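Colleague:
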Amino acid sequence: MIVVVGVSHKTAPIEVREKLSVGADVLPEVLARLSKRSELKEVMFLSTCNRVEVLADTSSDSGQAALRAIREGLAELVGDSPEHLEGYLYDKSGHDAVRHIFRVAASLDSMVLGEPQILGQVKDAYDAAVAAGTLRNFLGRCVHRAFTVAKRVRTETALGAGTVSISSVAVDLARKIFGDLSDHTVLLVGAGEMAEAAARSLGKGARSIRVCNRSVERAAHLAAQFGGGAAPLDKLEEELLLSDVVVTSTGSRTFVVTREMVKRVMKARRGRTLFFIDIAVPRNVDPEIHTKIDNCYVYNVDDLETEVAFGLKARQNEVAAAEKIVGEELAEFESWARGLNVSPTIVALRAKTKAVLQAELERTLAGRLKHLTEGDRAALQQMMDSSVNKLLHAPTTRLKIAASQEDGADLVRAAVHLFDLPEGPPPEIEKAPRDSPQGADDAHADDDDRLH
120 MIVVVGVSHK TAPIEVREKL SVGADVLPEV LARLSKRSEL KEVMFLSTCN RVEVLADTSS
180 DSGQAALRAI REGLAELVGD SPEHLEGYLY DKSGHDAVRH IFRVAASLDS MVLGEPQILG
240 QVKDAYDAAV AAGTLRNFLG RCVHRAFTVA KRVRTETALG AGTVSISSVA VDLARKIFGD
300 LSDHTVLLVG AGEMAEAAAR SLGKGARSIR VCNRSVERAA HLAAQFGGGA APLDKLEEEL
360 LLSDVVVTST GSRTFVVTRE MVKRVMKARR GRTLFFIDIA VPRNVDPEIH TKIDNCYVYN
420 VDDLETEVAF GLKARQNEVA AAEKIVGEEL AEFESWARGL NVSPTIVALR AKTKAVLQAE
480 LERTLAGRLK HLTEGDRAAL QQMMDSSVNK LLHAPTTRLK IAASQEDGAD LVRAAVHLFD
540 LPEGPPPEIE KAPRDSPQGA DDAHADDDDR LH
């Protein structure tokens, strides 16, 4: 059974989400720790600016033990007790969990409906789990199917039409604050995918676009695309002096923009207003800047939700079409999953029938029919094999048909009981082939600029 436990922008504030977020550098360790839990057969960890989720395939039919194991694992991650996280965590099992995974990949559960970044983030999480050896069979197939769902939604609906992302919403907020940005300088701190999306949304609207990043080469490459300037991260304070709007999106685990830094900058700016739009999780800008320093304003991803609501109605008409695709793909996946239960039964039924007949044939050939020639023996063997195929054709066909029905498990259990067949797990599923969903590999930022 597949289960999901997590937090999102709908259930937990950024203060909680950033504690649970995991960077690419420690993700293998977190996956290894979770996979050691006996309740979990497969594990994947998804960490973005708006959600942190653990996806798992349980080692039993009951998902409760697995849900408890994941909750304990998340609590250990932040050094807290499961009870303290209880009010923020949600969990889903079976049918609901698979539907949730499909909807997340298709950006139906995102703060910004139709935003394309989530598909790449899910793909990154998938790749990391495969590399760590914690994603193999059933869950791997489920997540891979989610890629198909996302691609269908993007190609068959207009849910993601136009430029839609957290970055574009941040730029819209900047325009609301300043109106025309043509007289203002925008500073992008970080040069990853989110920064690039913000630069694209700005276009030539700002007076100038500057990029500040730990890797100055990466900053220069991004800035050059938009006719802007670049600077290394150790020159951030000097860049703040020149800027009016600052959009931060680095993968730093600590504040890049500190209260002390901004106090010095504001003294040199002589009170000129400075706006920060922090779209990173964990946050890059100390939130106390907003409350403790005059003429400084800090917005984070949770503050953008109000802005998102204005653009929601335009996409709402496409949601029904996208949800229909999710439903279709969910039905197909569940039909395939039910088919896994019947395969071992069919194999066991054929094996037992053939073994019984083979034993009888060999006993007879060693007794009354021991005088038969090799040709006659081969003819009898062929006749027996043909008889087994004809005898089992109808029950095999009916079991396969039943596998696609919701009550098919009853017939499988009846066959196991009537023929006294062994009850075993489904055979191993080969590793799902890697796909390249559109947008998934567009930007693999380095450690300094990694998206969360």
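So the sequence shown is residues 120 to 571, counted in the numbering used here. The C-beta atom is built at its ideal place from N, Cα and C for all residues, glycine as well. Every value quoted in this text rests on a predicted model; they were computed, and no experiment measured them.
1. Is the beta carbon of Arg333 sitting closer than 8 Å to the one on Leu360?
2. Per DSSP, which residues does Lys211 bridge with? Please list them.
3. Does the segment 283 to 290 come close enough to the segment 173 to 185 that 3 or more CB-CB pairs lie under 8 Å?
4. In this structure, how does DSSP classify Ile133 when only helix, strand and coil are distinguished?
5. Taking the C-alpha atoms as reference points, what is the distance between Asn508 and His214?
6. Cβ of Pro401 within 8 Å of Cβ of Ser200?
7. Is the beta carbon of Asn169 sitting closer than 8 Å to the one on Ser226?
8. Please work out which residues of its chain come closer than 7 Å, Cβ to Cβ, to Val417, disregarding the five sequence neighbours upstream and downstream, and give them in chain order.
9. Going by C-alpha to C-alpha distance, which of Ser301, Lys354, Val335 and Asp422 sits closest to Asp363?
10. Counting C-beta neighbours from all protein chains within 10 Å, is the total for Asp210 16 or more, i.e. buried, or is it exposed?
11. If you check the beta carbons only, do Leu174 and Arg190 fall under 8 Å apart?
12. Is DSSP giving Thr515 helix, strand or coil here?
13. What number of angstroms, rounded off, separates the C-alpha of Val308 from the C-alpha of Ser179?
14. So Val149 and Leu196 are supposed to be a Cβ contact under 8 Å. How far apart are they, rounded?
15. DSSP puts Asp246 in a beta bridge; with which residues?
16. Just reading off the alpha helix (DSSP H) that Ile285 is part of, what are its end residues?
17. So, with DSSP's three-state summary, where would you put Arg326?
18. Please look up how many angstroms separate the CB atoms of Arg222 and Val475, rounded, as I've assumed it's under 8 Å.
19. Give the DSSP bridge partners of Met87, in chain order.
20. In the DSSP output, which residue or residues are listed as bridge partners for Cys261?
21. Between the C-alpha atoms of Met163 and Ala248, what's the straight-line distance to the nearest angstrom?
22. Counting only the same chain and skipping the five closest in sequence on each side, list residues whose C-beta sits under 8 Å from that of Glu424.
23. Are the beta-carbon atoms of Ile328 and Val262 separated by less than 8 Å?
24. Can you list, in chain order, the residues of its chain with a C-beta nearer than 6 Å to that of Gly192? Leave out the 5 residues immediately preceding and following it.
25. Give the straight-line distance between the Cα atoms of Ala534 and Arg218, rounded to the nearest whole angstrom.
26. Please identify the residue among Arg391, Ala251, Met120 and Ser320 whose C-alpha is closest to the C-alpha of Asp144.
27. Counting pairs of beta carbons, one from the segment 340 to 350 and one from the segment 368 to 375, are three or more of them closer than 8 Å?
28. Taking Cβ to Cβ, would you say Ala188 is nearer than 8 Å to Leu204?
29. Helix, strand or coil: which one does DSSP assign to Asp539?
30. Do the CB positions of Val330 and Ala310 come within less than 8 Å of each other?
31. Roughly how many angstroms separate the alpha carbons of Val531 and Pro541, rounded to a whole number?
32. Closest to Thr516 by CA distance: which of Asp413, Gln435, Ile465 and Leu258 is it?
33. Between which residues of its own chain and Ala456 is the CB-CB distance below 8 Å, once the five residues before and five after are set aside?
34. Rounded C-beta distance between Leu306 and Val365? I'm assuming under 8 Å.
35. Could you name each continuous alpha helix (DSSP H) segment of 4 residues or more that falls completely within the segment 424 to 496, going from the start of the chain to the end?
36. Closest to Lys519 by CA distance: which of Val122, Leu459, Asn419 and Arg482 is it?
Modeller: Based on what the coordinates show:
1. Here residue 333 corresponds to residue number 214 of the sequence shown, with the count starting at 1. Here residue 360 corresponds to residue number 241 of the sequence shown, with the count starting at 1. Cβ distance not < 8 Å, so Arg333 and Leu360 don't count as in contact.
2. For the purposes of this step, residue 211 is taken as the residue at position 92 of the sequence shown. According to DSSP, which records beta bridges pairwise, Lys211 is partnered with Val123.
3. no
4. Position 14 of the sequence shown, counting from 1, holds the residue named residue 133. Three-state result, Ile133: helix.
5. Here residue 508 refers to the residue found at position 389 when the sequence shown is read from its first residue. Here residue 214 refers to the residue found at position 95 when the sequence shown is read from its first residue. Looking at the two C-alpha atoms, the distance is approximately 36 Å.
6. Here residue 401 is taken as the residue at index 282 of the sequence shown, counted from 1. Here residue 200 is taken as the residue at index 81 of the sequence shown, counted from 1. No, they are not a contact pair.
7. Working through the sequence shown from its first residue, we reach residue 169 at position 50. Working through the sequence shown from its first residue, we reach residue 226 at position 107. For Asn169 and Ser226, no; Cβs fall outside 8 Å.
8. Translated into the one-based positions of the sequence shown, residue 417 becomes position 298. Excluding positions up to five away in sequence, the list reads Phe395, Asp397, Val404, Pro406, Ile408 and His409.
9. Locating residue 363 in the sequence shown gives position 244, counting from the first residue. The shortest Cα separation from Asp363 among Ser301, Lys354, Val335 and Asp422 belongs to Ser301.
10. For the purposes of this step, residue 210 is taken as the residue at position 91 of the sequence shown. Counting Cβ neighbours within 10 Å, Asp210 comes out buried, since at least 16 surround it.
11. Within the sequence shown, numbered from 1, the residue matching residue 174 stands at position 55. Within the sequence shown, numbered from 1, the residue matching residue 190 stands at position 71. It is not a contact, given that the beta carbons lie outside the stated cut-off.
12. Your numbering for residue 515 matches position 396 in the sequence shown. Note: Thr515 maps to helix in three-state DSSP.
13. To locate residue 308, count along the sequence shown from 1; it is residue 189. To locate residue 179, count along the sequence shown from 1; it is residue 60. Straight-line Cα distance between these residues: approximately 47 Å.
14. Numbered from its first residue, the sequence shown carries residue 149 at position 30. Numbered from its first residue, the sequence shown carries residue 196 at position 77. With 8 Å as the limit, Val149 and Leu196 qualify as a contact, their Cβ atoms being about 7 Å apart.
15. Position 127 of the sequence shown holds residue 246. BP columns for Asp246 are empty, so no partner.
16. As a position in the sequence shown, residue 285 is number 166, starting the count at 1. Ile285 to Phe297 is the span of the alpha helix (DSSP H), which, as asked, contains Ile285.
17. Within the sequence shown, numbered from 1, the residue matching residue 326 stands at position 207. Note: Arg326 maps to coil in three-state DSSP.
18. What you label residue 222 is simply residue 103 of the sequence shown in a count that begins at 1. What you label residue 475 is simply residue 356 of the sequence shown in a count that begins at 1. Not confirmed; about 49 Å, so no contact.
19. Only positions 120 to 571 of the chain appear in this structure, which leaves residue 87 out of reach.
20. Taking the sequence shown and counting its residues from 1, one reaches residue 261 at position 142. The partner list for Cys261 (beta bridge, DSSP) is empty, contrary to what the question assumes.
21. Counted from its first residue, the sequence shown places residue 163 at position 44. Counted from its first residue, the sequence shown places residue 248 at position 129. Computed Cα separation, rounded: 5 Å.
22. The residue you call residue 424 lines up with position 305 of the sequence shown. Within the same chain, Glu424 has close Cβ partners His128 and Met230.
23. Within the sequence shown, residue 328 is the residue found at index 209, counting from 1. Within the sequence shown, residue 262 is the residue found at index 143, counting from 1. No; because the gap between Cβ atoms is not below 8 Å, this pair is not in contact.
24. Numbered from its first residue, the sequence shown carries residue 192 at position 73. Same-chain partners within the cutoff: Leu153.
25. Locating residue 534 in the sequence shown gives position 415, where the first residue counts as 1. Locating residue 218 in the sequence shown gives position 99, where the first residue counts as 1. Near 31 Å, if we compare the C-alpha coordinates of Arg218 and Ala534.
26. Your numbering for residue 144 matches position 25 in the sequence shown. Comparing Cα-Cα distances from Asp144 to each of Arg391, Ala251, Met120 and Ser320, the minimum goes to Ala251.
27. no
28. Numbered from its first residue, the sequence shown carries residue 188 at position 69. Numbered from its first residue, the sequence shown carries residue 204 at position 85. Contact flag unset, no.
29. By one-based count along the sequence shown, residue 539 stands at place 420. The answer is coil: DSSP assigns Asp539 none of H, G, I, E or B.
30. Along the sequence shown, one-based indexing puts residue 330 at 211. Along the sequence shown, one-based indexing puts residue 310 at 191. Yes, the Cβ-Cβ distance between Val330 and Ala310 is below 8 Å.
31. Walking along the sequence shown from the start, residue 531 turns up at place 412. Walking along the sequence shown from the start, residue 541 turns up at place 422. About 12 Å.
32. For the purposes of this step, residue 516 is taken as the residue at position 397 of the sequence shown. Nearest of Asp413, Gln435, Ile465 and Leu258 to Thr516, Cα basis: Ile465.
33. On the sequence shown, residue 456 is found 337 positions in, with the first residue counted as 1. If we look at Ala456 and ignore the five residues flanking it on each side, its Cβ neighbours are Phe257.
34. Position 187 of the sequence shown, counted from the first residue, corresponds to residue 306. Position 246 of the sequence shown, counted from the first residue, corresponds to residue 365. Confirmed, Cβ separation roughly 5 Å.
35. 424 to 484
36. Translated into positions along the sequence shown, residue 519 becomes position 400. Taking only the C-alpha atoms, the option nearest Lys519 is Leu459.
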